[in-house]
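Engineer: The numbering of the sequence shown is the numbering used here, which starts it at 160 and goes up by one. Questions regarding the structure given below will be posed in turn.
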Amino acid sequence: MRHVVKLALAGLWLASGAHAQTVDPASDLGQFRTLRGDGMTALQQGDAAKALETFDKARAILPDSPSIALLQAQVYMQQKRTDDAKAVLIDYLKRGNVLDLAKNSDFTTLWDSALEDQLQANEAPFGAIRVAAALPDFVIAEALAFEPHNAQVVYVSGIRGGNILAEEPGGEREVIKLGPGIAAFGLGLHDGKLWASTAQSRQTEGYDASKPVTSKIVAINPADGAVITTMTDAKVAREFGHLLAGKDDLYVIDNNHGEVLRLTRYGETLEVLVPEGYMDSPQGLAENEDGSLLIVSDFTSGLYRVDLKAGSMTRLLAPADGNLLGLSSIARYGHDLIAIQNGFKPNRVLRIHMSADWTQAELVETLLRSEKLLAQPSQGLVADDFFVFVAKSQWSHLDDQGNPRAETVEPALVGVIKLTP
Numbered sequence: 160m161r162h163v164v165k166l167a168l169a170g171l172w173l174a175s176g177a178h179a180q181t182v183d184p185a186s187d188l189g190q191f192r193t194l195r196g197d198g199m200t201a202l203q204q205g206d207a208a209k210a211l212e213t214f215d216k217a218r219a220i221l222p223d224s225p226s227i228a229l230l231q232a233q234v235y236m237q238q239k240r241t242d243d244a245k246a247v248l249i250d251y252l253k254r255g256n257v258l259d260l261a262k263n264s265d266f267t268t269l270w271d272s273a274l275e276d277q278l279q280a281n282e283a284p285f286g287a288i289r290v291a292a293a294l295p296d297f298v299i300a301e302a303l304a305f306e307p308h309n310a311q312v313v314y315v316s317g318i319r320g321g322n323i324l325a326e327e328p329g330g331e332r333e334v335i336k337l338g339p340g341i342a343a344f345g346l347g348l349h350d351g352k353l354w355a356s357t358a359q360s361r362q363t364e365g366y367d368a369s370k371p372v373t374s375k376i377v378a379i380n381p382a383d384g385a386v387i388t389t390m391t392d393a394k395v396a397r398e399f400g401h402l403l404a405g406k407d408d409l410y411v412i413d414n415n416h417g418e419v420l421r422l423t424r425y426g427e428t429l430e431v432l433v434p435e436g437y438m439d440s441p442q443g444l445a446e447n448e449d450g451s452l453l454i455v456s457d458f459t460s461g462l463y464r465v466d467l468k469a470g471s472m473t474r475l476l477a478p479a480d481g482n483l484l485g486l487s488s489i490a491r492y493g494h495d496l497i498a499i500q501n502g503f504k505p506n507r508v509l510r511i512h513m514s515a516d517w518t519q520a521e522l523v524e525t526l527l528r529s530e531k532l533l534a535q536p537s538q539g540l541v542a543d544d545f546f547v548f549v550a551k552s553q554w555s556h557l558d559d560q561g562n563p564r565a566e567t568v569e570p571a572l573v574g575v576i577k578l579t580p
């Protein structure tokens, strides 16, 4: 199922003071969640047949959802339909997922060597990187930026220090320190300006909850750190996240509302491109070569194709052997997308082979899979035939409350993967 919706390209009014995004029940994600809830209710009421029927409908919307697949397999096992349960698990593992049998003991009786071989393949280290830069201090590296065909100078945002660093051949340089409790969660270069999306962060030094700070879009001179222009949204309480400096326009995520905003022609007014209600946690942004199409990755529901000329949006289904969920970053490489998938373990870097018109994700290829080389990788960009990305961000050094476990940590790493046309 693919949901098509007209977008508010000229802007969408939202009530001032809104802080949490809601998902439209009619959207793909809304329908999926309703069906999953209905299936769970049917299970609790002892109606396995209805639960399976409902889970089937949910899987038609999100065929790469690990939770629905495992729920289906468990119900099949309860009904002693072992062949059906095994078929679901085969599909589950072919998509690259892993499974802890100790926590899913229902499946032990049907586990065989073929399933075990696929599981071990999904967990095995694969691929290699070259380390381009190591940031030895506790920085929590998030976003990065560089000129499209020149990654000699890489700009990296440090969440911990609230600064933007330039990793240059001669060493490291601090471009700007944004202020107490303020960090850059998105970076992009365009027309000689370094664009940053900034927001208050409790992980940033100097954070004070009693002094709220407005989230902003800032254009900076990368040579001396001088602020050229600053903009925000006076009508809506936003929290700007990932950013894309596109060919003609700038795009930025609003984490507060699950929206995608556009700064047309790098002007002065932010407009709502993808309104609240369709995505739970949009993160990655990638534009096609002529700037007519935009792909947005939602951490929870996968990839969305935005036709900027027609003003429409379509959610893309995952291919039969792939998973498009849990993507924190996407970047265009030719017709394809290079994606960081940190929502699953082991973390991965993927190449998503796309149709030329970006209407289909045809194949998901793993370029890198490693618990040793990857630790909460965050964002990345393509430079010619190389993918440059934050391989170890240091986010994994925070506890479940968001506090650092220790001040001394292993370096944040910027890695490089060679791509093949």
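Don't be surprised by glycine CBs; every beta carbon is placed ideally from N, CA and C. Nothing here was measured: the structure is a model prediction, and the numbers come from that model.
Below 8 Å, can you find three or more Cβ-Cβ pairs linking the stretch 345 to 362 to the stretch 389 to 401?
Structural biologist: With a cut-off of 8 Å, the stretch 389 to 401 and the stretch 345 to 362 count as touching, because enough Cβ pairs lie within range.
Engineer: Looking at the structure shown, is Ser441 part of a helix, part of a strand, or coil, going by DSSP?
Structural biologist: Reading the sequence shown from its first residue, position 282 is the one you call residue 441. Checking the sequence, you will find Pro at residue 441 rather than Ser. Strand.
Engineer: So Trp354 packs on Leu409, CB below 8 Å; how close in whole Å?
Structural biologist: On the sequence shown, residue 354 is found 195 positions in, with the first residue counted as 1. On the sequence shown, residue 409 is found 250 positions in, with the first residue counted as 1. Going by Cβ atoms, the distance from Trp354 to Leu409 rounds to 6 Å, so yes, they are a contact pair.
Engineer: Is there contact here, the stretch 418 to 436 with the stretch 445 to 452, by at least three beta-carbon pairs under 8 Å?
Structural biologist: Too few Cβ pairs lie closer than 8 Å, so no.
Engineer: Only counting runs of 3 or more residues, tell me where the beta strand (DSSP E) segments fall wholly within the stretch 507 to 553, in order along the chain.
Structural biologist: Qualifying beta strand (DSSP E) stretches, in chain order: 507 to 513, 520 to 528, 539 to 542 and 545 to 551.
Engineer: For Tyr366, which three-state DSSP category applies?
Structural biologist: Looking up residue 366 in the sequence shown gives position 207. If DSSP states are grouped into helix, strand and coil, Tyr366 belongs with coil.
Engineer: Would Gln237 be called buried (16 or more neighbouring beta carbons within 10 Å of its own) or exposed?
Structural biologist: Numbered from 1 along the sequence shown, position 78 holds the residue referred to as residue 237. Label assigned to Gln237: exposed.
Engineer: Output yes or no for whether 7 Å exceeds the beta carbon distance between Val453 and Val465.
Structural biologist: One-based indexing of the sequence shown puts residue 453 at position 294. One-based indexing of the sequence shown puts residue 465 at position 306. Per the sequence shown, the amino acid found at residue 453 is Leu instead of Val. It is a contact, given that the beta carbons lie within the stated cut-off.
Engineer: Taking only the alpha-carbon atoms, compute the straight-line gap between Ile220 and Thr473 and give it to the nearest angstrom.
Structural biologist: The sequence position of residue 220 within the sequence shown is 61, counting from 1. The sequence position of residue 473 within the sequence shown is 314, counting from 1. Cα to Cα, the separation comes out at about 12 Å.
Engineer: Per DSSP, what kind of secondary structure is Thr567 in: helix, strand or coil?
Structural biologist: For the purposes of this step, residue 567 is taken as the residue at position 408 of the sequence shown. Three-state result, Thr567: coil.
Engineer: Assuming Gln538 and Ala302 are in contact, meaning their beta carbons sit under 8 Å apart, how far apart are those beta carbons, in whole angstroms?
Structural biologist: Locating residue 538 in the sequence shown gives position 379, counting from the first residue. Locating residue 302 in the sequence shown gives position 143, counting from the first residue. That pair is a contact at about 5 Å.
Engineer: Have a look at the DSSP bridge pairing and note the partners of Ala378.
Structural biologist: For the purposes of this step, residue 378 is taken as the residue at position 219 of the sequence shown. Its beta-bridge partners are Trp354 and Thr388.
Engineer: So Thr373 packs on Thr391, CB below 8 Å; how close in whole Å?
Structural biologist: For the purposes of this step, residue 373 is taken as residue 214 along the sequence shown, with counting starting at 1. For the purposes of this step, residue 391 is taken as residue 232 along the sequence shown, with counting starting at 1. Right, the Cβ-Cβ distance comes to about 5 Å (below 8 Å), so this counts as a contact.
Engineer: To which residues of the same chain is His308 closer than 7 Å at the C-beta, ignoring the five residues directly before and after it?
Structural biologist: Walking along the sequence shown from the start, residue 308 turns up at place 149. Cβ within range, chain order: Ala542 and Asp543.
Engineer: Assuming contact is defined by CB atoms lying nearer than 7 Å, are Ala490 and Leu533 in contact in what I supplied?
Structural biologist: Numbered from its first residue, the sequence shown carries residue 490 at position 331. Numbered from its first residue, the sequence shown carries residue 533 at position 374. No, the Cβ-Cβ distance between Ala490 and Leu533 is not below 7 Å.
Engineer: Exposed or buried, what is Ala287 when buried is set at 16 or more other beta-carbons lying within 10 Å of its beta-carbon?
Structural biologist: Within the sequence shown, numbered from 1, the residue matching residue 287 stands at position 128. Answer is exposed; the Cβ neighbour count stays below 16.
Engineer: If we require 4 or more residues per run, which alpha helix (DSSP H) segments fall completely within the stretch 258 to 311?
Structural biologist: Listed in chain order, the complete alpha helix (DSSP H) runs (minimum 4 residues) inside the stretch 258 to 311 are 272 to 282.
Engineer: Using a threshold of 7 Å, state whether the C-beta atoms of Leu628 and Tyr314 are closer than that.
Structural biologist: Missing from the structure shown is residue 628; the chain here goes from 160 to 580 and no further.
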